[in-house]
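A.B. asks: Once you've had a glance at the structure underneath, I'll fire off some questions.
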Amino acid sequence: PQHPPPQPLPKSETTMSANRWDPKAKKPPKGFNYLVPVLSALENELRDKVRESNAGKRNTESMWPVHQINWQRSRYVYDMYYTHGKITKKVYDYCIKNKLVDAALIAKWKKPGYERLCSTYVINPNNYKFGTTSICRVPLKDRSPEAKTAQDPTTGCMGCSSGVGQHRNIFGNKYGQNLAAVQVAREKRMEEMEQKRLRDEEANSTAAAASAAAGGGDSETDDDSDDDDYGPTPAAWASEGGKLEAESERLAEGAEGGDDTDDYEQPAKKLKSSS
Numbered sequence: 004p005q006h007p008p009p010q011p012l013p014k015s016e017t018t019m020s021a022n023r024w025d026p027k028a029k030k031p032p033k034g035f036n037y038l039v040p041v042l043s044a045l046e047n048e049l050r051d052k053v054r055e056s057n058a059g060k061r062n063t064e065s066m067w068p069v070h071q072i073n074w075q076r077s078r079y080v081y082d083m084y085y086t087h088g089k090i091t092k093k094v095y096d097y098c099i100k101n102k103l104v105d106a107a108l109i110a111k112w113k114k115p116g117y118e119r120l121c122s123t124y125v126i127n128p129n130n131y132k133f134g135t136t137s138i139c140r141v142p143l144k145d146r147s148p149e150a151k152t153a154q155d156p157t158t159g160c161m162g163c164s165s166g167v168g169q170h171r172n173i174f175g176n177k178y179g180q181n182l183a184a185v186q187v188a189r190e191k192r193m194e195e196m197e198q199k200r201l202r203d204e205e206a207n208s209t210a211a212a213a214s215a216a217a218g219g220g221d222s223e224t225d226d227d228s229d230d231d232d233y234g235p236t237p238a239a240w241a242s243e244g245g246k247l248e249a250e251s252e253r254l255a256e257g258a259e260g261g262d263d264t265d266d267y268e269q270p271a272k273k274l275k276s277s278s
């Protein structure tokens, strides 16, 4: 007897897109979209670095961006949940379950002395001679003068030990930035600027009403200023360096100490006095 042709298997309702951080790919929990811009930018950055030519680099140095972007991506999600509380437990567990972050590295960050660990590779004695760990695990105060600027040959880390007097940016480049702190500082600043704008509008309206009531004529305000420039987005920080690195550091410090040191100036609203 002739058998019927095999029926095609039903297509899965959830398909993986080219970018695994696409919120439409696996129906992530509510709130995951908050992380998508930065995670997508880091994924694109990693893809570009992998395709980049290794001419003029040491064999191990070509792998530095892989370790460093993995650290920055994991640190971003970790800080958003544990430090700033910007994402829910469901979003955090979703990132862990789908391997969007390095779960083994995050587990080490929860232990005393490993809060700034750059990679689990550097603490594995099997990876180094004499059964030791990497030079980046040695505090700066315990290093010899010629080893103060030494970097781990595999990750490029300058020092990830805990304690005071250590490098704030463990890689010394844009991949060592704390993107979560920068993003939270930027959001706080945008909120403060919006509140100031509303207060200015209310004050101008009150002044105009008072002038009209006094019969002094119409009061006009010049409110044709350009839109406020809030600076680069976190996704831009994740994919660009140079001046954006310095700007992100100033924003983070401004959020902690309230000292705005960047070159941004709020567009002033001009009140035309009636003659």
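Position in the sequence shown (first residue = 1) + 3 = the numbering used here.
For every residue, glycine included, the Cβ atom is placed at its ideal position computed from N, Cα and C.
Straight-line CA distance for Met-193 to Lys-199?
C.D. replies: For this step, residue 193 is matched to residue 190 along the sequence shown. For this step, residue 199 is matched to residue 196 along the sequence shown. Distance between the alpha carbons of Met-193 and Lys-199: 10 Å.
A.B. asks: Does DSSP put Tyr-124 in a helix, a strand or coil?
C.D. replies: The count along the sequence shown starts at 1 and reaches residue 124 at position 121. Here Tyr-124 sits in helix by DSSP.
A.B. asks: Helix, strand or coil, according to DSSP, for Leu-42 in the structure here?
C.D. replies: One-based indexing of the sequence shown puts residue 42 at position 39. If DSSP states are grouped into helix, strand and coil, Leu-42 belongs with the helices.
A.B. asks: Can you tell me whether Asp-105 is helix, strand or coil according to DSSP?
C.D. replies: Walking along the sequence shown from the start, residue 105 turns up at place 102. Three-state result, Asp-105: coil.
A.B. asks: Can you tell me whether DSSP reads Val-141 as helix, strand or coil?
C.D. replies: Translated into positions along the sequence shown, residue 141 becomes position 138. The answer is coil: DSSP assigns Val-141 none of H, G, I, E or B.
A.B. asks: From the DSSP output, in three-state form, read off Ala-217 for me.
C.D. replies: Here residue 217 is taken as the residue at index 214 of the sequence shown, counted from 1. Here Ala-217 sits in coil by DSSP.
A.B. asks: Let me know the secondary structure DSSP gives Asn-279 once reduced to three states.
C.D. replies: A question about residue 279 goes unanswered here, because the residues of the chain that appear run from 4 up to 278.
A.B. asks: Express the C-alpha separation of His-170 and Lys-93 in angstroms, rounding to a whole number.
C.D. replies: Along the sequence shown, one-based indexing puts residue 93 at 90. Along the sequence shown, one-based indexing puts residue 170 at 167. Each residue's alpha carbon lies about 33 Å from the other.
A.B. asks: Tyr-97 lies in the alpha helix (DSSP H); which residues open and close that run?
C.D. replies: Along the sequence shown, read from residue 1 onward, the residue named residue 97 stands at position 94. Start and end: 92-100.
A.B. asks: I'd like the list of long-range same chain contacts for Leu-143, defined as Cβ closer than 7 Å, with 5 residues on each side in sequence excluded.
C.D. replies: Locating residue 143 in the sequence shown gives position 140, counting from the first residue. Counting only Cβ-Cβ distances below 7 Å, and skipping sequence neighbours, we find Lys-151, Gly-162, Gly-168 and Gln-169.
A.B. asks: Of all the options Glu-190, Arg-189 and Gln-154, which has the alpha carbon lying nearest to the alpha carbon of Phe-283?
C.D. replies: Only positions 4 to 278 of the chain appear in the structure, and residue 283 is not among them; the question remains open.
A.B. asks: For Gln-75, which option in Thr-209, Ser-43, Pro-31 and Asn-57 has the closest C-alpha, if you only look at C-alpha atoms?
C.D. replies: Taking the first residue of the sequence shown as position 1, residue 75 is located at position 72. That would be Ser-43, whose Cα lies nearest to the Cα of Gln-75.
A.B. asks: Out of curiosity, what's the CA-to-CA distance linking Glu-204 and Arg-189?
C.D. replies: The residue given as residue 204 occupies position 201 in the sequence shown. The residue given as residue 189 occupies position 186 in the sequence shown. Their backbone Cα atoms lie some 23 Å apart in a straight line.
A.B. asks: Determine the contact status of Leu-103 and Trp-112, defining contact as a CB-CB distance below 9 Å.
C.D. replies: By 1-based counting over the sequence shown, the position of residue 103 is 100. By 1-based counting over the sequence shown, the position of residue 112 is 109. The answer is no: Cβ separation not under 9 Å.
A.B. asks: Ignore the nearest five residues each way along the sequence and tell me which others in Leu-108's own chain have a CB closer than 8 Å to its CB.
C.D. replies: Residue mapping note: residue 108 aligns to position 105 of the sequence shown, counting from 1. These residues qualify, in order along the chain: Asn-73, Trp-74, Ser-77, Leu-120, Ser-122 and Thr-123.
A.B. asks: How about Thr-63 and Pro-128: do their beta carbons lie closer than 9 Å?
C.D. replies: Locating residue 63 in the sequence shown gives position 60, where the first residue counts as 1. Locating residue 128 in the sequence shown gives position 125, where the first residue counts as 1. Their beta carbons are not under 9 Å apart, which means Thr-63 does not touch Pro-128 by this criterion.
A.B. asks: Cutting at 8 Å between CB atoms, please list the residues of its own chain near Arg-146, excluding the five before and the five after it.
C.D. replies: Here residue 146 refers to the residue found at position 143 of the sequence shown. Result list for Arg-146: Ile-138 and Ala-153, in chain order.
A.B. asks: Please report how far the alpha carbon of Trp-67 lies from the alpha carbon of His-87, in whole angstroms.
C.D. replies: As a working mapping, residue 67 is identified with position 64 in the sequence shown. As a working mapping, residue 87 is identified with position 84 in the sequence shown. Whole-angstrom Cα-Cα distance: 28 Å.
A.B. asks: What is the rounded straight-line gap between the Cα of Ile-99 and the Cα of Ser-56?
C.D. replies: Translated into the one-based positions of the sequence shown, residue 99 becomes position 96. Translated into the one-based positions of the sequence shown, residue 56 becomes position 53. Taking the straight line joining both Cα atoms gives about 31 Å.
A.B. asks: Can you grab the Cα-Cα spacing for the pair Lys-30 / Gly-179, in whole Å?
C.D. replies: In the sequence shown, counting from the first residue as 1, residue 30 sits at position 27. In the sequence shown, counting from the first residue as 1, residue 179 sits at position 176. Straight-line Cα distance between these residues: approximately 30 Å.
A.B. asks: In this structure, how does DSSP classify Asn-181 when only helix, strand and coil are distinguished?
C.D. replies: Residue 181 sits at position 178 when you count from the first residue of the sequence shown. Of the three classes helix, strand and coil, the one that applies to Asn-181 here is coil, per DSSP.
A.B. asks: The alpha helix (DSSP H) with Pro-68 in it runs from where to where?
C.D. replies: Taking the sequence shown and counting its residues from 1, one reaches residue 68 at position 65. Start and end: 67-81.
A.B. asks: I need the DSSP call for Tyr-131, collapsed to helix, strand or coil.
C.D. replies: As a first step, residue 131 is located in the sequence shown; it is residue number 128 there, counting from the start. In this structure, Tyr-131 counts as coil in the three-state DSSP scheme.
A.B. asks: So is Glu-195 buried or exposed if we call it buried at 16+ other beta carbons inside 10 Å?
C.D. replies: Counting from one through the sequence shown, the residue named residue 195 turns up at place 192. So Glu-195 ends up on the exposed side.
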